[in-house]
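Peer 1:
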Amino acid sequence: MTRLPLTILMLTLSTAAHAAVKPVIWLADGMTRVSREEKPRPAKNLVLHAARGEWEPLQAVIHASPEQLKQVDVDAATILHASGAELPPPEIFHEHYVRVSKSTMNAPLPPGEYPDALLPLDMPAEPHPAVEATNQPFWIDVFVPYAAAAGDYKGTLRFRLADGTSLTASFTLHVWSFDLPVVPRLRTSILTTPRSVSRAHGIAFDGSHYSLELAQVLNQYHDLLARHRLAIDQIYSALPEPDGTINEEKVERALRKHLLHRHASTISIPIWPDWPFKDPLGKDRAAAMKHIATYAHLLEKIRCANRGYVIMGDLDEPNDGDAYATVRRWGEFFNEVEKKHGVRVPLMITEQPTPEKAAWGSLVGAVDIWCPHFSDVWNDMEWAGGSHDIAIRRQAGDEVWAYAALVQNSEAWANAHQRPKVFKSSHSPVWCTDYPPINHRIHAWLFPKHGITGFSYWDTLHQPAGADPWKDAGSFHSESGEDVYNGDGFFIYPATQERHGRNAPVASMRLKWLRESADDYDYLMLARELGLDEKARQLTETFARGFGDWDDNVPALLEARTTLGRLIEQASERRHSAQAAPSPSF
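Count along the sequence shown starting at 1, add 1, and that's the number in the working numbering.
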């Protein structure tokens, strides 16, 4: 009997094992993260719900051998109504895994690989690990046009693997008979600077002159955020000229594109402490005021005055008496602009109404939009020792937003929650990769409880020098280097010409979850307009009672959204029927 050498025998067995892998496909909702290693899940009919004007996600997961996954083609992607009407083909992305090497502070999820970057199918994907079988998820975004017919649609997805195997999965999409607002109700301010974009893509930038290449990439970032119902704080095309002057025709065109075509919810009027004026609070005060008023009048001209505001990075998180005094001086400046030029220029400051130290003084009268950290909302509005200053400022006519950053909870919160070492729920939401997905949506359900109307975020492209965000999620490190915050300040992956064949922003799953949060807020505001506020509150409380009292319960959140959609649809149809009914004649 002929004996095969051991190495050949092992290779033969390995090849046979790979050949024996039977590919499987299954579907998952957009809030599920699928690991490479987990076993295939039982096939079930996935039912989605979406309003007109809404993007609704799902995932198709293929379990197969690495050889079979070397090339995966989409043979069909259709979404059909019984009448024959068809929705646009969905957008499909290849999910890229990124490694968490060291856990974020208090993270409930372990180190390991997490799907996050969503690569367009025409970009090269990472090689699969050398294992017998693995999972490859695909993110699928379905868009429902405003003209779409309401009712049930059948979605069909067919993939073809490298060995010719064809896999098919189907789902149901119910389109509600109501529309999401074209302009999101949730007001947002997402910082993403031209300098960080140029650095991430290796494009030269001197700080004032924009090459055609950089301008094209920046527009892609602006478009991407707007498509996710998020508003970048400023757009390069609406900035003053390098010499500080305003080309009003050019700025108006840029504002029209951004606010009327991209439908961004907000835009910040551009001014800095030392540009375009060296001394805006002193000798250049009158010119600086005219500069602000010019932007405000342009916003009025295109009927978007209520979307303008001012955010200044130099005033971010004031944390001593001098910083508070600086905010007051700027507040006086903008108040004077409003009085002299008859315009509205709200100043947004990332700070809570109650100063940390009374000696710093108050910012009341200087700030128009307060933006406390999520943890400070709990301190002020939910903690037994809170002063409820947020409610007081709202009653006085100020606006309140909120923001997420790092892992922050107060001493009072720690005492009230028995000082947990691992944060599983009921903490201020953390937008890090190794925290559960619900952290990126819970805020939208809690905002109406406290009258909060927007959020700010500090960056989407932050990464340490020399780091590779495509491989490691450690986007932010403490000054000591001891603590890492995976994914914090990093929601968009920079695809580059060298690595991916072109320069482009690539959305993360976490960015999609923020989009879903904006939609959640729209549903809640639609419910409020229809007199469904109490029912919306009851649904919210099935999984979230406050920033210090919520559950990591995605099924409950999704069920609440579906129920809320059904209630909105029914109430909207009743209203339309009442409006269509003929008036009684006498």
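All residues carry an ideal CB built from backbone N, CA and C; glycine is no exception.
Looking at the unbroken beta strand (DSSP E) that takes in K1, where does it start and where does it end?
Peer 2: Because residue 1 is not part of the residues shown, which for the chain are 2 to 587, the question remains open.
Peer 1: Going by C-alpha to C-alpha distance, which of Y237, L256, S388 sits closest to V218?
Peer 2: That would be Y237, whose Cα lies nearest to the Cα of V218.
Peer 1: Is DSSP giving L568 helix, strand or coil here?
Peer 2: Helix at L568.
Peer 1: Going by the beta-carbon positions, is the gap between I569 and L533 smaller than 8 Å?
Peer 2: Against a cut-off of 8 Å, the Cβ pair of L533 and I569 comes out as a contact.
Peer 1: Tell me whether H577 is buried or exposed, calling it buried when 16 or more other Cβ atoms sit within 10 Å of its Cβ.
Peer 2: Under this definition H577 is an exposed residue.
Peer 1: Measuring alpha carbon to alpha carbon, tell me which residue in D317, D377, D435, I391 is nearest E412.
Peer 2: Nearest C-alpha to E412: D377.
Peer 1: Can you name the start and end residues of the beta strand (DSSP E) that D534 belongs to?
Peer 2: It is not in any beta strand (DSSP E) - D534 instead sits in the alpha helix (DSSP H) that spans 534 to 541.
Peer 1: Is it right to say G343 is buried, meaning 16 or more other beta carbons lie within 10 angstroms of its own, or is it exposed?
Peer 2: With fewer than 16 other Cβ atoms within 10 Å, it is exposed.
Peer 1: How many angstroms separate the CA atom of A163 from the CA atom of K23?
Peer 2: If you take the alpha carbons of A163 and K23, they lie about 13 Å apart.
Peer 1: Do you know whose CA, among R161, Y147, L407, S171, lies nearest Y154's CA?
Peer 2: Nearest option by C-alpha distance: S171.
Peer 1: Give me the Cα-Cα distance between C372 and E574, rounded to the nearest whole angstrom.
Peer 2: Cα to Cα, C372 sits roughly 37 Å from E574.
Peer 1: Quick one: what's got a C-beta closer than 6 Å to F492's C-beta in the same chain, skipping five residues either side?
Peer 2: Same-chain partners within the cutoff: T461, S509, R511, L512.
Peer 1: Is P130 near R37, with beta carbons less than 8 Å apart?
Peer 2: A contact, by the Cβ cut-off of 8 Å.
Peer 1: Helix, strand or coil: how does DSSP classify F179 here?
Peer 2: Correct three-state label for F179: strand.
Peer 1: Under the DSSP definition of a beta bridge, which residues are partnered with M349?
Peer 2: Paired residues: I370.
Peer 1: Which stretch, first to last residue, makes up the alpha helix (DSSP H) that contains D117?
Peer 2: No alpha helix (DSSP H) contains D117, which is instead part of the beta strand (DSSP E) from 113 to 121.
Peer 1: Measure how close the beta-carbons of F335 and L447 come, nearest whole angstrom, since I'm counting them as under 8 Å.
Peer 2: F335 to L447, Cβ: 29 Å. No contact.
Peer 1: Cα-Cα, which of E535, S426, A579 is closest to A545?
Peer 2: Residue S426 is the option with its Cα nearest to A545.
Peer 1: Thinking P116 and E96 are a contact (beta carbons under 8 Å), I'd like their distance in whole angstroms, please.
Peer 2: The pair is a contact, with the Cβ atoms about 4 Å apart (cut-off 8 Å).
Peer 1: Classify T327 as helix, strand or coil using the three-state DSSP reduction.
Peer 2: Helix at T327.
Peer 1: Is it right to say A227 is buried, meaning 16 or more other beta carbons lie within 10 angstroms of its own, or is it exposed?
Peer 2: Per the 10 Å Cβ criterion, buried.
Peer 1: With 16 as the cutoff for other CB atoms within 10 Å, does E383 come out buried or exposed?
Peer 2: Buried is the call here.
Peer 1: Would you tell me roughly how many angstroms separate the C-alpha atoms of Q571 and A118, rounded to the nearest one?
Peer 2: Computed Cα separation, rounded: 38 Å.
Peer 1: Taking the beta carbon of I303 as the centre, do at least 16 other beta carbons fall within 10 Å, making it buried, or is it exposed?
Peer 2: By the 10 Å Cβ count, I303 comes out exposed.
Peer 1: Among the candidates L299, A403, V368, whose CA atom is the shortest distance from the CA of W379?
Peer 2: Of L299, A403, V368, the residue nearest in Cα terms is A403.
Peer 1: For Y1, is the classification buried or exposed, using 16 other Cβ atoms within 10 angstroms of its Cβ as the cut-off for buried?
Peer 2: This structure gives no information on residue 1, because the portion of the chain shown stretches from 2 to 587.
Peer 1: Under three-state DSSP, which class holds I63?
Peer 2: It is a strand residue.
Peer 1: Identify, in the order they occur along the chain, each residue of the same chain with its Cβ nearer than 6 Å to the Cβ of T169, setting aside the five sequence neighbours on each side.
Peer 2: Taken in chain order, the residues that qualify are R159.
Peer 1: Tell me where the alpha helix (DSSP H) around W446 begins and ends.
Peer 2: 443 to 451 is the extent of the alpha helix (DSSP H) around W446.
Peer 1: Would you mind working out which of E517, M526, L531, E530 sits nearest E57, comparing C-alpha positions?
Peer 2: Comparing Cα-Cα distances from E57 to each of E517, M526, L531, E530, the minimum goes to E517.
Peer 1: Helix, strand or coil for Y436? Go by DSSP, reduced to three states.
Peer 2: Coil at Y436, not helix or strand.
Peer 1: Taking the C-alpha atoms as reference points, what is the distance between V328 and E352?
Peer 2: Spanning the two alpha carbons is a distance of roughly 11 Å.
Peer 1: What's the call for G203, buried or exposed, on a 16-neighbour Cβ count within 10 Å?
Peer 2: Exposed.
Peer 1: With a threshold of 16 other CB atoms inside 10 Å of the CB of S84, please say whether the residue is buried or exposed.
Peer 2: That one is exposed.
Peer 1: Quick one: Cα of G54 to Cα of Y147, how far?
Peer 2: Rounded to whole angstroms, G54 to Y147 spans 5 Å at the Cα level.
Peer 1: From this set, S66, I80, L28, which residue's C-alpha is nearest P138's C-alpha?
Peer 2: Among S66, I80, L28, the Cα nearest to that of P138 belongs to L28.
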